[in-house]
Amino acid sequence: MKKSKFDLAVGLFVAAGLLALVFLAMKVGNLTGLETSEGYRLEARFDNIGGLKVRAPVKSSGVAVGRVDSITLDSQTYEAKAILRIDQNYKFSKDTIASILTSGLLGEQYVSLEAGGDSVYLGQGDRIAKTQPAMIMEKLISQFLFNKASETTGTSK
Amino acid sequence: MSSVIEMIEGLGRSVLSALARLGLAGRFFLAIMMVIGVPLRRFSLLVRELYFSGVRSILIIVVSGMFVGMVLAIQGYEVLQRFGSSETLGVLVALSLVRELGPVVTALLFAGRAGSAVTAEIGLMQATDQIAAMDMMAVNPIARIISPRFLASVVSMPLLACMFSAAGVFGAYLVGVKLIGIDDGSFWSQMQAGVDFRLDIVNGLIKSLVFGVAVGLIAVFEGYYAPPTAEGVSSATTRTVVTSSLAVLMLDFVLTVWMFRGLNG
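In order, the protein sequence lines correspond to chains A and B.
Oh and the first sequence: position 142 is 143 in this note's numbering, straight run, nothing missing.
Oh and the second sequence: position 161 is 179 in this note's numbering, straight run, nothing missing.
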C-alpha cells in the first residue's frame with residue numbers, strides 16, 4: 002500500500018511540473034498566435050536597417066503581422082537584405098511600402114508595411130520593391146546643420 | 019630546493035589524480051548509460067526515487083522561486099522606474115527567471131536538498147557492504163541502485179525548474195502589480211511580447227536537463243566511490259554539493275555563451 006502513495010505523489014509532481022511549463026508557454030511566453038502559424042516569406046532590401054534585429058515585429062497599421070526572419074548584407078549591392086515572415090492570414094499588394102520605424106522614443110525598431118492599391122498580391126519569396134531605410138540620428142543632425150548653414154550663408158549674401 | 023621539487027611533484031600528483039577521477043566518472047557514466055533501461059522497465063524503482071528527489075523538493079523550490087521573483091520585482095522596479103519604463107518589469111523578471119535563475123538556482127537547491135541525500139544514502143550502503151552483497155547475489159548494483167537515482171535527477175530537474183520559474187513570475191506579479199501598482203495588462207503583454215517559447219523557455223529547459231545530468235552523476239558517483247568510513251561519507255556529501263554547484267555554474271556559462279551569444283546578430 003505504501004507504493005501507491007509514491008505513485009500518487011509522483012504523478013501529481015509530474016502533472017504540476019507540466020502545468021508550470023504550460024503556464025510558462027502560454028502566459029509568459031508567446032506560444033499562441035504568430036509563432037505556430039506557418040506564413041510566407043517576403044524579401045525587402047534597405048539602404049540602412051539601423052538597429053533592426055532578427056525577430057523584430059513586422060506591423061501593418063500597428064498590428065503585428067509577422068517577424069523579421071533574417072538580416073544579411075548583399076555583397077553585390079551593399080544593401081541590407083531582410084527576410085520577413087508574414088502570417089498566412091494577411092495579404093499585401095505588390096506596391097506595398099516597407100519602412101523601418103521605432104516604437105516610442107527609446108523603443109525597439111520594427112518593420113512597417115503600408116499596403117498600396119494594387120490588386121496583385123505578394124507571394125512566397127517575392128520582393129518588396131519600395132522601401133524606406135531607418136532614420137539614423139547622426140545623418141538627421143548633419144542634414145539639419147547643413148540646411149542651417151546654407152540658410153545663413155544665403156541670407157548673409 | 020628539494021621543497022620546491024616536492025611542491026611541483028605534489029601539484030602534478032593532484033592534477034593527475036583529478037584527471038584519473040574524471041576518467042573514472044566518465045566510465046561510471048557509461049556504465050550507468052548501459053543499464054539506463056532498467057529503471058524504465060521496472061518503473062516502481064524510478065517512481066520511488068522521483069518521490070524522494072523530486073516530490074520532496076517541491077516545497078523548497080516553489081517557496082524559493084516565489085521569493086526570488088518578489089525580490090527581482092522590487093529591485094527591477096527600483097532601477098526601471100529611473101528610466102520611466104517600469105512596465106517592462108514583467109519582461110525583466112520573466113527573462114531572468116526562465117533563462118538563468120530558474121535552471122541555475124533550482125540546480126543549486128536540488129544539489130543541496132536531494133544530491134547530498136543521494137550521496138549519503140549510497141555512501142552508507144557502500145560502507146555497510148550492502149552494494150557488495152547485492153553484487154554477490156548477481157544483482158547489478160548500478161542497474162538496481164545507481165541508475166534509478168541518476169534518472170530521477172534528470173527527470174525532476176526540468177520539472178522543478180519550470181515550477182521555480184512559474185512561482186517566480188507569480189511572486190513578481192504579486193509584488194509588481196498588487197503591491198507596487200504596475201498596470202496589470204502591460205505587465206503580462208510586455209512579458210508575452212518579450213519572451214519567446216523556443217529561444218527562452220526551451221533553452222531554459224535544455225539547461226536544466228544538462229544540470230540534471232551533471233548533479234545526478236556527481237551525486238551517485240561521489241556516493242559510490244565514497245571511502246567506507248563515517249568521515250569518508252561525510253566528506254563525499256560535502257564534495258557533492260561543492261562540485262555540483264561549481265559544475266552547474268560553469269556549465270551555465272558555457273551553455274549561455276552557446277545559446278544566447280549572437281542572439282542580437
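Virtual Cβ for every residue (Gly too), placed ideally from N, Cα, C.
Per the DSSP calculation, L74(A) is bridged to which residue(s)?
DSSP, once it has assigned bridges, lists A81(A) as partnering L74(A).
Listed by chain order, chain B residues near N31(A) by CB distance under 8 Å
Q210, A211, V213, D214, F215
Enumerated in chain order, which unbroken segments of the beta strand (DSSP E) with a length of 3 residues or greater are wholly contained in the segment 218-246 of chain B?
With a minimum length of 3 residues, no continuous beta strand (DSSP E) run stays inside the segment 218-246 of chain B.
Does DSSP classify R185(A) as helix, strand or coil?
The structure shown has nothing for residue 185(A), since chain A only spans 2 to 158.
Which residue's Cα is closest to the Cα of V272(B): T247(B), T255(B), R257(B), V228(B)?
Out of T247(B), T255(B), R257(B), V228(B), V228(B) has the C-alpha closest to the C-alpha of V272(B).
For A17(A), would you say it is in contact with chain B, using Cβ-to-Cβ distances shorter than 8 Å as the test?
yes
Smallest Cα separation from A129(B): which of W276(B), A265(B), T274(B)?
A265(B)
Can you name the residues that DSSP bridges to P58(A)?
Partner residues in the beta bridge of P58(A), as assigned by DSSP, are R68(A).
Cβ of F24(A) within 8 Å of any chain B Cβ:
yes
List the residues of chain A whose Cβ lies closer than 9 Å to the Cβ of V73(B), in chain order.
F7, A10, V11, L13, F14
DSSP on Y69(B), reduced to helix/strand/coil?
helix
From S165(B), V22(B), G234(B), R131(B), pick the residue whose C-alpha is nearest to that of R60(B); which is it?
The closest CA to that of R60(B), considering only S165(B), V22(B), G234(B), R131(B), is found on S165(B).
Which listed residue (D8(A), F24(A), K6(A), F7(A)) has its alpha carbon closest to that of I177(B):
Note that residue 177(B) is Leu in the sequence shown here, rather than Ile. Of the candidates D8(A), F24(A), K6(A), F7(A), the one whose C-alpha sits nearest the C-alpha of L177(B) is F24(A).
Three-state secondary structure (DSSP) of K131(A):
strand
Following the continuous beta strand (DSSP E) through E109(A), name the residue where it begins and the one where it ends.
It is not in any beta strand (DSSP E) - E109(A) carries neither H nor E in the DSSP assignment.
What's the call for T78(A), buried or exposed, on a 16-neighbour Cβ count within 10 Å?
Around the beta-carbon of T78(A), fewer than 16 other beta-carbon atoms lie within 10 Å, marking it exposed.
Compare the C-beta of R279(B) against all C-beta atoms of chain A and say whether one is closer than 8 Å.
no
Going by DSSP, what residues sit across from S94(A) in a beta bridge?
Y122(A)
Alpha-carbon spacing of A49(B) relative to D147(B), whole angstroms:
Approximately 20 Å, taken between the alpha carbons.
Nearest chain A C-beta to Y242(B) closer than 8 Å, yes or no?
no
Interface residues of chain B around A99(A) at Cβ under 7 Å?
Simply none; closest approach about 21 Å.
Quick one: what's got a C-beta closer than 8 Å to M2(A)'s C-beta in the same chain, skipping five residues either side?
Confidence is the limiting factor: at M2(A) the pLDDT is only 44, short of 50, which leaves the residue's position unreliable and the question unanswerable from this model.
Rounding to the nearest angstrom, what Cα-Cα distance links G30(B) and E24(B) in this structure?
10 Å
Closest to G102(B) by C-alpha separation, out of A112(B), D214(B), I200(B), would be which residue?
I200(B)
Under 8 Å, Cβ to Cβ, is there at least one residue of chain A near V187(B)?
Taking 8 Å as the CB threshold, V187(B) lines the interface with chain A.
Give me, in chain order, the residues of the same chain whose beta-carbon lies closer than 8 Å to that of D96(A); leave out the 5 immediate sequence neighbours on both sides.
G117, G118, D119, A130, K131
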